[in-house]
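Residues in the sequence shown are numbered from 4 upward in steps of one, following our numbering. Ideal Cβ placement from N, Cα and C applies to all residues, glycine included.
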Amino acid sequence: MFDNNKEKFINSFVIFKGVILGLLIMLILTVIFALFSGILFRLEEAQLSKVFLVKNIILLLIIGFYVAKNVERNGWLNGAVAGLIFMLVLILLGSISVPLSFTNVIFMAFLGLILGSIGGILGINL
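#1: Note down the Cα distance separating Leu-24 from Ser-40, rounded to an integer number of angstroms.
#2: Give the secondary structure of Phe-12 by DSSP, where H, G and I count as helix, E and B as strand, and everything else as coil.
#3: Which residues in the same chain as Ala-83 place their Cβ atom closer than 7 Å to its Cβ, once the five residues preceding and following it in sequence are excluded?
#4: Among the residues of its own chain, which have a CB less than 6 Å from the CB of Phe-68, if the five just before and after it don't count?
#5: Give the range of the alpha helix (DSSP H) segment to which Asn-107 is assigned.
#6: Is DSSP giving Asn-73 helix, strand or coil here?
#7: With contact counted as at least three CB pairs below 8 Å, one residue from each stretch, are the segment 98-110 and the segment 27-39 in contact?
#8: What first and last residue would you give for the alpha helix (DSSP H) that runs through Val-92?
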């Protein structure tokens, strides 16, 4: 009787696809950057971290946009969850080689939430 009014707020399959897509794009961009960094770029460590931060910001917006385009409602929520999961995966992968402070983890998770939701808002409205 009440099943017709049931809404699905978070589409976990689309979020999973968005996170996997983001990881694949990140892997491709990292390989391309690694191939050309010795030839074209002579960046110091501080400059490299800024480049990777910009890359992650763009990826979070793309993931949020992709997820929102593939769901019918609540693009901001689905984008935020996808962005958070993507950043948590990056935190886990990054903590293998570099110890992260609690402040950095919170900042990265917050960045994933906010930028994923902005990408989701853009994906629903464009």
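So, to answer that:
#1: Position 21 of the sequence shown, counted from the first residue, corresponds to residue 24. Position 37 of the sequence shown, counted from the first residue, corresponds to residue 40. Spanning the two alpha carbons is a distance of roughly 24 Å.
#2: Reading the sequence shown from its first residue, position 9 is the one you call residue 12. Looking at Phe-12 - three-state DSSP - the assignment turns out to be coil, as it is neither helix nor strand.
#3: Translated into the one-based positions of the sequence shown, residue 83 becomes position 80. Correct list, in chain order: Leu-116, Gly-119, Ser-120 and Gly-123.
#4: Mapped onto the sequence shown, residue 68 falls at position 65. The residues are Gly-122, Leu-125 and Gly-126.
#5: The residue given as residue 107 occupies position 104 in the sequence shown. It spans 105-128 - the alpha helix (DSSP H) in which Asn-107 sits, taken as one unbroken run.
#6: Indexing the sequence shown from 1 puts residue 73 at position 70. Three-state DSSP puts Asn-73 in coil, outside helix and strand.
#7: Too few Cβ pairs lie closer than 8 Å, so no.
#8: Translated into positions along the sequence shown, residue 92 becomes position 89. Per DSSP, the unbroken alpha helix (DSSP H) holding Val-92 starts and ends at 78-100.
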